[in-house]
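For reference, the structure is listed below as structure tokens.
Residue numbers (the numbering used here), protein chains in the order written: chain A, 1 to 415; chain B, 416 to 825.
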């Protein structure tokens with residue numbers, strides 16, 4: 001049981017405090033409710049570029065990292081399709097430094113032209129390093145626009161194209177900052193060796209005077225149900241073919257999420273899962289075969305991702321994946337498989353609670369989903385999943401009409 | 416600052432050392448078995464990594480599928496890796512399942528069966544990964560650098576070729592295993608809320624045979640290339656991997672701690688000279704880092720980054736400028752204070768919780784470093800002077816003597 005306390009400031013900032021005296025450290029996690037799904041389709045990659053700008057300093061703090069380092073801390077951030085999340089871990093007696101810095105950059109960020117120009121260049125190199133200069137690096141860039149036709153999940157957090165990053169101008173940057181970087185659009189979680197009463201006192205002191213900010217209503221185009229199979233074939237300079245099959249799912253807070261999460265663990269969460277056993281060892285079609293949830297808040301995807309063995313025909317390999325998926329709909333998973341998945345969930349949940357940083361993020365994210373107590377109550381949702389639910393959910397999800405397929409082939413391999 | 420003292424050692428009845436790290440509140444226990452069975456012990460290239468990878472591919476009692484099913488059913492995680500200097504199996508288990516999990520660990524470590532068919536599949540998978548690596552500029556750049564530093568016949572410098580996989584047979588793995596996977600050739604770390612509680616179970620499975628001996632590290636021959644440029648062509652790459660570095664010093668050298676501080680100033684943290692110039696001022700890269708490390712018998716200093724092909728020469732010029740600046744002028748008191756505090760925070764994080772402490776302690780044991788390594792490091796971090804740091808840059812970072820590697824398009 002992860003104990004926590006919750007308090008909302010008058011300006012709308014939600015604050016969560018978790019006390020853990022087994023560590024000398026503390027983590028602040030500041031989650032902004034803005035991600036790449038909130039971007040203009042003509043200016044994608046913006047939320048992530050903005051994350052880079054948040055390290056640019058203010059009039060009071062010219063270089064964000066310096067005070068963190070002086071306080072013996074480390075900090076970083078990430079952006080995904082749903083959120084932008086900033087975290088600082090430092091010795092517990094320096095907590096106030098972290099709160100001062102986060103409050104300062106929530107209000108007074110220096111958005112100079114030169115800063116923007118350099119971070120555009122850094123992000124362009126990030127795009128190249130992570131997506132273009134890696135074998136198979138563009139798989140997700142190809143999948144999103146295939147699977148999503150309306151919802152902004154059709155682009156990745158890095159953006160649709162490098163040209164969008166190059167076009168970002170400072171007027172838009174400022175609008176974005178004023179719209180989304182406000183207390184009422186954020187959740188602050190502090191986890192570690194500081195008592196909750198002190199956390200709330202310090203949060204009031206540093207964040208209490210920041211104006212509430214406008215209320216943002218999110219009205220995103222919703223994806224229409226997919227009615228026919230989608231497929232693309234690409235050729236790249238890679239040594240082996242790769243198969244992606246993606247299926248639409250329901251939203252993060254639905255019952256289906258837990259059923260599919262447990263099911264994907266049964267299929268490929270460990271070496272004795274069905275895919276490693278059947279597709280890799282017995283049939284020798286794939287060298288790796290994995291299935292996982294993309295995990296977004298709005299309806300997302302469950303994605304099969306498999307690297308083919310040399311000489312295997314991709315159509316035959318896809319058939320074999322369908323055989324396994326169809327078998328789920330007709331024959332129930334065994335009680336031994338369910339028991340194994342539950343044990344594995346229990347152990348991995350405990351492992352995820354080792355670090356204060358993980359706990360801080362999980363509490364903040366659960367609060368965004370509706371209630372920080374999800375960190376404690378989700379286990380019941382997993383443990384209560386039945387074999388019959390898995391069968392129903394499989395037949396509903398794993399259908400040709402609900403499937404987007406990528407055949408990613410080596411250049412010499414003409415189909 | 417957490418407790419940075421060296422953990423207590425208990426010995427099993429056969430002499431195997433068990434290091435106990437207590438802490439945390441969760442009902443999880445982490446047990447790591449470290450064997451003197453890394454690449455430096457191998458006669459056939461990759462024998463160490465293949466032997467280690469085959470541990471969970473079947474034992475005398477269970478085939479691969481059954482074995483993995485037994486492991487996964489307990490909820491435990493088994494991570495096994497072989498690196499240059501050691502091989503290891505890390506097991507993280509629910510406390511209440513420890514006994515059945517340790518029995519499986521014993522089976523995996525000491526009674527693997529090395530089935531032909533599983534080895535064939537493993538090799539096919541490794542070859543695919545090898546071929547994928549041929550298209551990664553970062554991989555090629557790293558290989559070329561270590562070859563130049565250590566020599567092409569040295570286990571740290573040797574570059575894998577496709578034909579090397581032909582020599583990997585079940586006989587090679589089985590022979591490597593029988594020589595090096597023995598209780599007398601390993602030590603154990605146990606970390607969690609109640610590490611002592613694991614001792615009876617460890618005694619039951621791991622004290623049955625052999626008599627522990629201090630590991631014997633072979634004498635390695637090094638052939639460091641002359642300074643200068645190495646270019647490795649990677650067709651179609653949009654970025655180049657750039658590496659620059661020097662032969663350094665080993666952990667027993669009196670400058671080793673100070674070199675860690677010097678390295679941090681140059682490229683060891685987000686606010687380093689290299690990051691500020693090449694990322695935050697020029698925008699040439701997503702990241703640039705440097706490291707001062709050591710293997711057995713050789714130390715190294717390496718600077719590494721990935722930049723657009725057209726910026727790679729300019730990047731090298733700027734790296735040299737930063738190094739030269741640190742050889743000419745002392746760091747300011749302010750900058751040194753930031754680095755001191757950051758370094759102390761980093762050490763605190765390395766000892767935050769029993770599992771991190773266990774990982775940190777491994778480095779001390781593996782290289783037979785002083786048990787008070789971190790106490791001395793803390794002392795150096797707190798007292799080193801700008802003058803001494805400049806002297807370290809003059810001694811160890813001469814741009815004229817650097818090995819430079821570029822891996823990228825022509």
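We put the beta carbon where it would ideally sit given N, CA and C, even for glycine. As the structure is a prediction and not an experimental result, all values here were calculated from the model.
First through last residue of the alpha helix (DSSP H) which encompasses residue i
| i | result |
| --- | --- |
| residue 801 (chain B) | 801-811 |
| residue 393 (chain A) | 387-397 |
| residue 620 (chain B) | 614-621 |
| residue 178 (chain A) | 170-180 |
| residue 197 (chain A) | 196-207 |
Under 7 Å between C-beta atoms of residue i and residue j
| i | j | result |
| --- | --- | --- |
| residue 805 (chain B) | residue 745 (chain B) | yes |
| residue 490 (chain B) | residue 346 (chain A) | yes |
| residue 705 (chain B) | residue 682 (chain B) | yes |
| residue 677 (chain B) | residue 504 (chain B) | no |
| residue 656 (chain B) | residue 721 (chain B) | yes |
| residue 259 (chain A) | residue 385 (chain A) | yes |
| residue 659 (chain B) | residue 718 (chain B) | yes |
| residue 157 (chain A) | residue 79 (chain A) | yes |
| residue 523 (chain B) | residue 471 (chain B) | yes |
| residue 139 (chain A) | residue 30 (chain A) | no |
| residue 32 (chain A) | residue 168 (chain A) | no |
| residue 244 (chain A) | residue 406 (chain A) | yes |
| residue 642 (chain B) | residue 454 (chain B) | no |
| residue 437 (chain B) | residue 610 (chain B) | yes |
| residue 724 (chain B) | residue 823 (chain B) | yes |
Residue i: first and last residue of the uninterrupted beta strand (DSSP E) it sits in
| i | result |
| --- | --- |
| residue 835 (chain B) | Within the shown structure, residues of chain B are numbered from 416 to 825, placing residue 835 (chain B) beyond reach of any answer. |
| residue 338 (chain A) | Counting along the chain, residue 338 (chain A) falls outside any beta strand (DSSP E), though it belongs to the alpha helix (DSSP H) covering 335-352. |
| residue 768 (chain B) | Unbroken run through residue 768 (chain B): none, as it is neither H nor E. |
| residue 494 (chain B) | 492-497 |
| residue 715 (chain B) | 714-723 |
| residue 434 (chain B) | 432-437 |
| residue 487 (chain B) | Residue 487 (chain B) -> not in any beta strand (DSSP E); alpha helix (DSSP H) instead, spanning 479-488. |
| residue 76 (chain A) | 74-79 |
| residue 661 (chain B) | 654-662 |
Neighbour flag for residue i against chain B, beta carbons, 7 Å
| i | result |
| --- | --- |
| residue 330 (chain A) | no |
| residue 401 (chain A) | no |
| residue 266 (chain A) | no |
| residue 191 (chain A) | no |
| residue 385 (chain A) | no |
| residue 51 (chain A) | no |
| residue 65 (chain A) | yes |
| residue 105 (chain A) | no |
| residue 240 (chain A) | yes |
| residue 213 (chain A) | no |
| residue 162 (chain A) | no |
Closer than 7 Å to chain A by CB, residue i
| i | result |
| --- | --- |
| residue 443 (chain B) | yes |
| residue 757 (chain B) | yes |
| residue 692 (chain B) | no |
| residue 488 (chain B) | yes |
| residue 685 (chain B) | yes |
| residue 668 (chain B) | no |
| residue 543 (chain B) | yes |
| residue 509 (chain B) | yes |
| residue 813 (chain B) | no |
| residue 515 (chain B) | no |
Amino acids of chain D, ordered along the chain, whose beta-carbon sits closer than 8 Å to that of residue i
| i | result |
| --- | --- |
| residue 439 (chain B) | As a matter of chain content, chain D is missing from the structure shown, whose protein chains are A and B. |
- Item | Contact set between the stretch 263-287 of chain A and chain B, restricted to residues whose Cβ is under 9 Å from the partner | Those residues of the stretch 263-287 of chain A that come within reach of chain B (Cβ to Cβ, closer than 9 Å) are 269, 270, 271, 272, 273, 276, 277, 280, 281, 282, 284, 287.
- Item | Chain-ordered residues of the stretch 343-362 of chain A with a beta carbon less than 9 Å from chain B | 343, 344, 345, 346, 347, 348, 350, 351, 353, 354, 355, 356
- Interfacial residues, the stretch 111-125 of chain A to chain B, with Cβ spacing under 7 Å: Near chain B, meaning a CB-to-CB distance below 7 Å, the residues of the stretch 111-125 of chain A are 118, 121, 122, 125.
- Listed from N- to C-terminal order along the chain, which residues in the stretch 547-570 of chain B have their beta-carbon within a distance smaller than 9 Å of any beta-carbon of chain A? 547, 548, 549, 550, 551, 552, 553
- Query: Quick one, which residues of the stretch 770-792 of chain B are near chain A if we go by CB-CB under 7 Å, in chain order?
  - Reply: 770
- Would you say the stretch 358-371 of chain A touches the stretch 12-22 of chain A, given that touching needs at least three Cβ pairs under 8 Å? Counting Cβ pairs under 8 Å, three or more are found: they touch.
- Message: Beta carbons nearer than 8 Å to chain A: which residues of the stretch 652-665 of chain B have them?
- Response: 652, 653, 654
- Task: Residues of the stretch 459-481 of chain B with a CB closer than 9 Å to any CB of chain A: list them in chain order, please.
- Result: 471, 479, 480, 481
- Query: Along the stretch 15-27 of chain A, what residues have a CB closer than 9 Å to any CB found in chain B?
  - Reply: 20, 22, 23, 24, 25
- Task: Count the CB pairs spanning the stretch 424-437 of chain B and the stretch 283-298 of chain A that are closer than 8 Å, and state whether there are at least three.
- Result: Remark: fewer than three beta-carbon pairs, one from each stretch, lie closer than 8 Å, so the stretch 424-437 of chain B and the stretch 283-298 of chain A are not flagged as touching.
- Query: If we count Cβ pairs, one from each stretch, closer than 8 Å, do we get three or more for the stretch 659-673 of chain B versus the stretch 809-816 of chain B?
  - Reply: yes
- Item | Validate contact between the stretch 790-799 of chain B and the stretch 603-619 of chain B using beta carbons, cut 8 Å, 3 pairs | Touching, no.
- Query: Closer than 9 Å, Cβ to any Cβ of chain A: which residues of the stretch 695-713 of chain B, in chain order?
  - Reply: 695, 696, 697, 698, 699, 700, 701, 702
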